[in-house]
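2 protein chains.
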Amino acid sequence: MLTQRQTPIPRYSVAGERFRARTGVRRIMQDIEQTLADRNAAGIINLSAGNPLRIAPVAAMWRRFLSAELERETALDEAIGRYGSSRGYFPFIAAVVDCYNEHYGWNITEKNVVITPGSQSGLFYVLNAFCGAQPDGTSRRVCYPQNPDYTGYQGLLWDPAQIVALRPQIELTGEHQFRYGLDIDALADVDDVGCFVLSRPCNPSGNVASDQEMATLMARAEALDVPLVVDGAYGPPFPNLVEVPMSLTFGPHVIHSTSLSKCGLPGERIGILIGDERWIESIEAFQSNACLHSSRLGQLVASQAIATGELERLAGEEIRPLYSRKRALLGEAMRAQMPAHLTWRLHEAHGALFSWLWVEQLPFADGWEAYERLKTEGVLCVPGVAFFQGVPATWRHQHETVRISLTASDEDLVEGVRRIAAAFASP
Amino acid sequence: MLTQRQTPIPRYSVAGERFRARTGVRRIMQDIEQTLADRNAAGIINLSAGNPLRIAPVAAMWRRFLSAELERETALDEAIGRYGSSRGYFPFIAAVVDCYNEHYGWNITEKNVVITPGSQSGLFYVLNAFCGAQPDGTSRRVCYPQNPDYTGYQGLLWDPAQIVALRPQIELTGEHQFRYGLDIDALADVDDVGCFVLSRPCNPSGNVASDQEMATLMARAEALDVPLVVDGAYGPPFPNLVEVPMSLTFGPHVIHSTSLSKCGLPGERIGILIGDERWIESIEAFQSNACLHSSRLGQLVASQAIATGELERLAGEEIRPLYSRKRALLGEAMRAQMPAHLTWRLHEAHGALFSWLWVEQLPFADGWEAYERLKTEGVLCVPGVAFFQGVPATWRHQHETVRISLTASDEDLVEGVRRIAAAFASP
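Keeping their order, the protein sequence lines are chains G and P.
Going letter by letter, the first sequence gives residues 47 to 473 in my numbering.
Going letter by letter, the second sequence gives residues 47 to 473 in my numbering.
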């Protein structure tokens with residue numbers, strides 16, 4: 047299935063070999079692109095996309111704020127025409143600080159924030175600053191307490207062996223509904239970690255770890271004196287793709303990560319880390335060595351979108367309702383079309399850009415084979431197995447799950463579900 | 047002199063400790079900022095700046111192209127509103143490809159180019175992809191064949207011990223003029239390196255390694271089957287801050303690095319790597335793991351600036367002449383004001399944003415003490431020692447050199463030289 051390199055391969059360092067590898071979803075990205083290019087005429091339906099939908103009022107907002115900056119003389123010239131602080135563009139940081147303090151009653155200052163070229167970069171700094179070889183000769187792993195979780199985490203760590211991931215607790219919460227819980231008990235045995243990372247809401251499952259689960263994680267991070275990184279790329283205050291109550295807590299052992307990628311600016315790569323001053327200062331220094339600082343034009347424009355409250359307003363009025371409606375539509379299509387002899391469940395609708403399907407007792411050898419079967423039926427979905435880490439390959443559940451993107455058109459969602467039903471009804 | 051951390055320091059990995067460190071110029075950055083803040087009223091003259099000058103016609107060009115993109119509907123929305131390729135924004139890559147093929151008769155394609163969030167990031171990927179621990183258990187160093195060289199190189203490598211730097215050959219080429227040559231003979235003994243890196247024109251000395259020196263370096267890189275990275279952030283085709291003839295050669299073992307930071311866009315972080323397809327593909331994959339891709343808005347705007355030839359025109363008509371004039375002014379001021387009893391020389395005027403002064407037999411303990419003496423006289427310059435790597439601390443020459451930024455006003459340049467002369471005349 048996967049295309050192979052034809053050219054001679056030069057020698058790379060261990061890190062070079064490590065980071066040349068395509069992990070998680072990237073394993074099938076080339077195949078998806080090739081399939082879409084080859085079979086476009088044949089009407090294949092793509093439910094694999096991670097690119098958020100273009101939402102006209104949101105795009106118009108970015109245009110409007112960019113136009114406004116072109117009218118103002120000095121800020122634009124200064125933003126693009128000068129090197130900046132490795133911390134980020136200060137008016138943007140100020141807007142972020144005010145926004146979080148206002149919403150959550152926090153008391154953070156600009157010393158608690160660092161801006162990176164996308165949250166992937168920020169997580170790259172944090173994970174490698176804390177995990178791996180330690181000065182005292184020991185080694186610390188990264189702990190992914192949540193499974194499945196964001197595929198991008200799989201390629202972040204300099205030393206790929208350094209992972210501990212917990213197997214999820216599967217809670218059946220309805221005839222066609224389930225939820226992943228954290229294995230809280232297993233956390234107590236995890237003591238050689240440099241940091242914890244999870245997405246909340248979860249990309250891809252949509253799970254929102256409960257406040258109680260978060261409290262347990264925070265206590266564990268505090269006990270080990272290491273950071274708990276909470277990746278809120280889908281969370282409040284923006285883009286706020288959340289369907290359940292969800293609080294955010296600040297503390298000396300939490301680093302909040304978020305981004306503007308689901309707010310209409312994925313191409314601009316704006317990642318935000320908020321955490322204890324001592325850690326943020328070190329992450330800034332890491333960034334100053336590895337990339338100086340992130341681009342300032344997008345930050346300049348976003349400063350106003352955040353400071354005026356406009357971004358949050360559109361998140362609430364346009365972005366969240368759209369995905370909420372898509373999610374409901376998909377659920378209806380599933381209930382209408384999935385054959386009665388299949389035991390299937392969707393993850394509880396907490397939020398995010400995807401729905402997550404689990405069909406018990408699928409007869410495929412693994413999730414990759416399920417992907418191929420769906421493809422022959424004319425629908426592309428990323429197999430859930432791509433998002434599991436650190437669990438035995440033999441664990442069946444991961445091969446029985448599929449990530450369904452909510453970014454397709456209504457028609458494609460309904461027809462895509464029909465094809466998924468057809469593929470799994472007669473595998 | 048340097049301020050110390052007051053807060054308790056948490057535990058970091060080896061890499062975390064490594065990248066938290068402030069190397070090279072960053073060692074005195076805080077002191078410079080503090081001094082400027084404290085003594086602004088006292089009229090201190092700052093010849094330490096690395097920020098390029100704001101040049102009104104260049105700033106106007108960026109505004110113009112940005113306005114034009116706001117007029118066009120789709121490109122802007124697509125650029126900022128979608129995730130992109132880890133390779134870069136394709137219209138920008140296409141403009142770069144055409145530009146280099148046209149100027150140098152190369153035959154590169156989009157497969158030879160990857161765009162990074164600034165050239166610092168690109169070099170971070172390249173150095174770590176080739177140097178350090180190797181899969182066969184051996185280790186390879188990075189070789190900086192040129193000394194002094196860009197301070198940012200000092201913080202790039204995961205393993206800081208892995209450096210081999212050659213001591214420069216000092217060629218006296220006039221009463222008040224000299225040039226750094228590469229120690230070509232020493233190159234033959236360097237065989238455990240993963241890549242070579244040098245800036246050309248050199249930041250900070252302004253040296254342009256000769257075509258013959260480059261040929262020798264390329265032959266050595268080819269013999270070892272490793273890349274030679276040529277950092278052309280000041281070079282042709284843009285910003286082209288070069289006063290001497292200078293050719294660019296493409297080949298299977300050269301990776302050219304350049305940037306738009308000296309073209310009026312330092313805040314936008316646009317780095318460009320051009321090299322053999324097999325290497326570029328791996329660097330793209332490294333980037334996809336570490337940061338997904340770089341910001342697209344700046345690339346969108348720059349596509350037109352490059353494709354229309356406007357950027358090159360302004361580089362030739364505005365950017366280069368300005369620094370050329372500043373450099374001449376500084377030379378005149380030196381000849382007029384440096385006391386006769388000092389043996390002083392400026393590096394040959396090949397290009398770049400700085401002049402480089404060498405005063406023999408300075409009586410200071412080291413370059414940092416020279417920095418302090420200049421400061422008491424009311425002028426800030428970065429001591430040359432900050433740019434030397436891998437030479438013994440006892441080697442006098444490095445402590446007798448000073449980097450002088452050409453980004454100051456004419457008045458400040460002349461008065462700054464007067465203060466430098468005063469400081470060194472009676473140390």
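Ideal Cβ placement from N, Cα and C applies to all residues, glycine included.
CA-CA distance, glutamine 166(G) and valine 143(P)? 28 Å
In chain order, which alpha helix (DSSP H) runs of at least 4 residues are fully inside the region 355 to 417 of chain P? 356 to 360 and 366 to 383
Checking 7 Å against the spacing of the C-beta atoms, do tyrosine 369(P) and leucine 274(P) come in under that value? no
Listed by chain order, chain A residues near isoleucine 74(G) by CB distance under 8 Å: Looking for chain A here will not work: the only protein chains present are G and P.
Listing by chain order, which chain G residues have their CB less than 7 Å from the CB of isoleucine 126(P)? Trp108, Leu311, Gly313 and Glu314
Would you decide whether threonine 453(G) is buried or exposed? Buried here means 16 or more other CB atoms lie within 10 Å of its CB. buried
Alanine 211(G): first and last residue of the uninterrupted beta strand (DSSP E) it sits in: 209 to 211
Top-ranked residue by Cα proximity to proline 206(G), from Ser245(G), Met260(G) and Phe65(G): Phe65(G)
Using a Cβ-Cβ cut-off of 7 Å, state whether serine 113(G) counts as contacting chain P. yes
According to DSSP, is serine 328(P) part of a helix, a strand, or is it coil? helix
What is the rounded straight-line gap between the Cα of proline 181(G) and the Cα of leucine 270(P)? 33 Å
For tyrosine 58(G), the first and last residue of its enclosing beta strand (DSSP E): No beta strand (DSSP E) holds tyrosine 58(G); DSSP gives it neither H nor E.
Using only the alpha-carbon positions, how far apart do proline 283(G) and glutamine 350(G) sit? 15 Å
What three-state label does DSSP hand aspartate 277(P) in the structure shown? strand
In whole angstroms, what separates the C-alpha of tryptophan 325(P) from that of tyrosine 171(P)? 11 Å
According to DSSP, simplified to helix, strand and coil, what is valine 172(P)? helix
What whole-angstrom Cβ distance do isoleucine 216(P) and glycine 317(P) have, given they're in contact under 8 Å? Isoleucine 216(P) to glycine 317(P), Cβ: 32 Å. No contact.
Specify the secondary structure class of cysteine 177(P) as computed by DSSP and reduced to three states. coil
Between the Cα of phenylalanine 138(P) and the Cα atoms of Trp152(P), Leu122(P) and Asn153(P), which residue gives the shortest distance? Leu122(P)
Looking at chain P, is there any beta carbon in it that lies within less than 7 Å of the beta carbon of asparagine 253(G)? no
Going along the chain, which residues of the region 293 to 307 of chain P sit with their C-beta nearer than 8 Å to a C-beta in chain G? Ser307
Taking only beta carbons into account, state which residues of the region 163 to 180 of chain G come closer than 8 Å to chain P, listed in chain order. Pro163, Gly164, Gln166, Ser167, Phe170, Tyr171, Asn174, Ala175, Phe176, Cys177, Gly178, Ala179 and Gln180
Does the distance from the CB of serine 251(G) to the CB of histidine 393(G) come in under 7 Å? yes
Count the other C-beta atoms from every protein chain shown that fall within 10 angstroms of the C-beta of asparagine 193(P), then say buried if there are 16 or more, exposed otherwise. buried
is_contact[cysteine 241(P), chain G] using C-beta, thresh 7 Å: no
For phenylalanine 470(P), the nearest candidate out of Asn253(P), Trp390(P) and His396(P) (CA to CA): Trp390(P)
Beta carbon proximity, arginine 187(G) to chain P, threshold 7 Å: no
When burial is assigned at 16 or more other CB atoms within 10 Å of the CB, is tryptophan 441(G) buried or exposed? exposed
Beta carbon proximity, tyrosine 196(G) to chain P, threshold 7 Å: no
Distance check for alanine 125(P) and alanine 398(G), CA to CA, integer angstroms please. 23 Å
What does leucine 218(P) reach in chain G if we use C-beta pairs closer than 9 Å? Those do not exist, as leucine 218(P) stays about 35 Å from chain G at its closest Cβ, beyond 9 Å.
Rank Gly313(G), Ser132(G) and Ala232(G) by C-alpha distance to the C-alpha of proline 98(G) and give the top, closest one. Gly313(G)
Hey, out of Val300(P), Asn174(P), Glu289(P) and Val239(P), whose CA is closest to phenylalanine 332(P)'s CA? Asn174(P)
Do the region 183 to 201 of chain P and the region 433 to 440 of chain P touch if we need at least three Cβ pairs shorter than 8 Å? yes
Is DSSP giving leucine 459(G) helix, strand or coil here? helix
Cβ-based burial, leucine 112(G) [other Cβ within 10 Å; buried from 16]: buried
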